[in-house]
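Report on the structure given below.
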Amino acid sequence: MSGEEIELVRETFASNWIAPLGPNVDAFEQEFAARVQTKHAVALSSGTAALHLALRGLNLQPGDEVICSSLTFSASVNPVLYERATPVFVDSEESSWNMDPALLAEAVSAGIKRGKKPRAVILVHLYGQSADIDPIAAVCARQGIPLIEDAAEALGATYKGRAPGTFGDCGIYSFNGNKIITTSGGGMLGSDNKALIDKARFWATQARDPAPHYEHSEVGFNYRMSNVLAAIGRGQLRVLGDRVNARRRNCAYYQKAFKDLPGVAFMPEADYGRSTRWLTCLTIDPTIAETNREKVRLALERENIEARPVWKPMHLQPIFKDCLCFGGGVSSRLFENGLCLPSGSNLSSKDLDRVIKVFRRSFIST
Ligand SMILES: *Cc1c(COP(=O)(O)O)cnc(C)c1O
Numbered sequence: 000m001s002g003e004e005i006e007l008v009r010e011t012f013a014s015n016w017i018a019p020l021g022p023n024v025d026a027f028e029q030e031f032a033a034r035v036q037t038k039h040a041v042a043l044s045s046g047t048a049a050l051h052l053a054l055r056g057l058n059l060q061p062g063d064e065v066i067c068s069s070l071t072f073s074a075s076v077n078p079v080l081y082e083r084a085t086p087v088f089v090d091s092e093e094s095s096w097n098m099d100p101a102l103l104a105e106a107v108s109a110g111i112k113r114g115k116k117p118r119a120v121i122l123v124h125l126y127g128q129s130a131d132i133d134p135i136a137a138v139c140a141r142q143g144i145p146l147i148e149d150a151a152e153a154l155g156a157t158y159k160g161r162a163p164g165t166f167g168d169c170g171i172y173s174f175n176g177n178k179i180i181t182t183s184g185g186g187m188l189g190s191d192n193k194a195l196i197d198k199a200r201f202w203a204t205q206a207r208d209p210a211p212h213y214e215h216s217e218v219g220f221n222y223r224m225s226n227v228l229a230a231i232g233r234g235q236l237r238v239l240g241d242r243v244n245a246r247r248r249n250c251a252y253y254q255k256a257f258k259d260l261p262g263v264a265f266m267p268e269a270d271y272g273r274s275t276r277w278l279t280c281l282t283i284d285p286t287i288a289e290t291n292r293e294k295v296r297l298a299l300e301r302e303n304i305e306a307r308p309v310w311k312p313m314h315l316q317p318i319f320k321d322c323l324c325f326g327g328g329v330s331s332r333l334f335e336n337g338l339c340l341p342s343g344s345n346l347s348s349k350d351l352d353r354v355i356k357v358f359r360r361s362f363i364s365t
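Under numbering that gives the first Met the number 0, the sequence shown is numbered contiguously, ending at residue 365.
Right under this line is the structure:
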């Protein structure tokens, strides 16, 4: 927290507006939309809820296929199952770790040939870095397939000067506790399409039809954000730029410290944009390094330093074992060799030095 949030929360308590919805929610939506340059936004209880409502708008039928990035967190895909549709996975490209546009084109063609034109593409922007959106949006546009951007990890990033999440039909964002800015838990759905956002807002507030009594003709959800949490979000939004800079500083610090270590390669930063380096991720090539990801991770764990493997790809997850995947070797290797280092925006250089010391020691003594 920056200090700004507590003032806004104090004002909220003073007004006694402790409820879902309220003036902070409206203001947070407007300030957020202005920050990412989208026309409309609706604040929700989570990023997962935002993705669920985005899919809800597509009226999916059982057996419909939705293309998803394989290398991601399961929340990028679970809402496809909520809507009884079937995910089809696409592997990453080496250069950005995000969805490979050529493999996406292949997956779309193959789907059309099977008589199953994908109903949507959910494109993830991983670890603070935008995917290469233009060629992916072009594939979608050619076939009239809606593009949903999962920018939960990429708030504050840019793609060709604009915010990822604003290129497709809609974008989802998360303010979970581990994200670059947080409301403890929360999310946002953004779009230039007013009808889509209005509908999401309606579904998120129990689908209450306009009437003085409670009238319902559709299934509703309780997905709105609390007015108290929106106050936190407003304060956090003001320091987003600082948070991005702090995360990038962490990454640069690690990069400098591990420059001489053989077999260590950081997640590349694609030249089309600016990554937030939400997490500093690297791979350790065991054929060069004479150690491996797991040995290094365990060495850090022994010193009470939490580092985690890169996301386990969805096509390797038990729950998705029957789903199709186009490619798979890149994300499998990134999972095998990839490590996410401590990356919080509040890390001091002393904290970073401690991580670096243990990392280097484990690396060289093996
Ligand atoms: C965190 C995250 C989500 C889900 O956001 P919540 O607010 O936690 O529901 C979705 N996709 C990705 C890629 C995420 O990292």
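Here a beta-carbon is modelled for each residue, glycine too, at the ideal position from N, C-alpha and C.
I231 - containing beta strand (DSSP E), residue span: Taken as a continuous stretch (DSSP letters only), I231 belongs to no beta strand (DSSP E), being part of the alpha helix (DSSP H) at N226 to R237.
Close-in-space but distant-in-sequence residues of the same chain around S225 (CB under 6 Å, 5 per side omitted): P19
As assigned by DSSP and simplified to three states, the class of L346: coil
Three-state class that DSSP yields for Y172 in the structure shown: strand
Cβ contact (3+ pairs, closer than 8 Å) linking the stretch 159 to 174 and the stretch 129 to 139: yes
Distance between E300 and A306 (C-alpha atoms, nearest Å): 7 Å
Per-residue burial, N249 [other beta carbons within 10 Å of its own, 16 or more giving buried]: buried
Extent of the continuous beta strand (DSSP E) run through E64: E64 to S68
Rounded separation between S331 and H314 - CA only: 9 Å
Residues near H124 in its chain [Cβ-Cβ closer than 6 Å; skip 5 each side]: A130, A150, A153 and P163
Three-state secondary structure (DSSP) of E4: helix
Whole-number beta carbon distance between L340 and T279, since they are thought to touch under 8 Å: 5 Å
Which listed residue (D321, D284, L239 and A32) has its alpha carbon closest to that of G155: L239
Sequence-distant residues of its chain with Cβ nearer than 8 Å to F370 (five each side left out): Since the first residue shown for the chain is 0 and the last is 365, residue 370 is missing from the structure and cannot be characterised.
Whole-number beta carbon distance between A119 and L57, since they are thought to touch under 8 Å: 6 Å
Below-8 Å beta-carbon distance, S45 vs any chain B residue: Included in the structure is just one protein chain, with no chain B present.
Spatially closest choice to P117 from G232, P86 and H212, by CA coordinates: P86
Residue of R247, P261, E30 and L281 minimising C-alpha distance to E289: P261
Buried/exposed call for T365, threshold 16 Cβ in 10 Å: Caution applies to T365, whose pLDDT of 47 falls short of 50 and renders its modelled position unreliable; the value that the coordinates give is listed next. Looking at its Cβ environment, which holds fewer than 16 other Cβ atoms inside 10 Å, T365 is exposed.
Per-residue DSSP class, three states only, for P285: helix
Simplified DSSP assignment, three categories, for T365: Its pLDDT being 47, under 50, T365 is placed unreliably by the model, and nothing is read from it.
K178 CB to nearest heavy atom of ligand 1 below 7 Å: yes
Check: N192 C-beta below 7 Å from any heavy atom of ligand 1: no
Residue range of the unbroken beta strand (DSSP E) whose run includes V76: No beta strand (DSSP E) contains V76, which DSSP labels as neither H nor E.
DSSP state of I355 mapped onto helix, strand, coil: helix
As assigned by DSSP and simplified to three states, the class of Y126: helix
Under 8 Å between C-beta atoms of M266 and A49: no
Cβ separation of A32 and A42, assumed to be a contact under 8 Å, to the nearest whole Å: A32 to A42, Cβ: 10 Å. No contact.
Closest Cα partner of R34 within the set L236, E268, K356 and A298: L236
Opening and closing residue of the beta strand (DSSP E) in which C339 lies: G337 to C339
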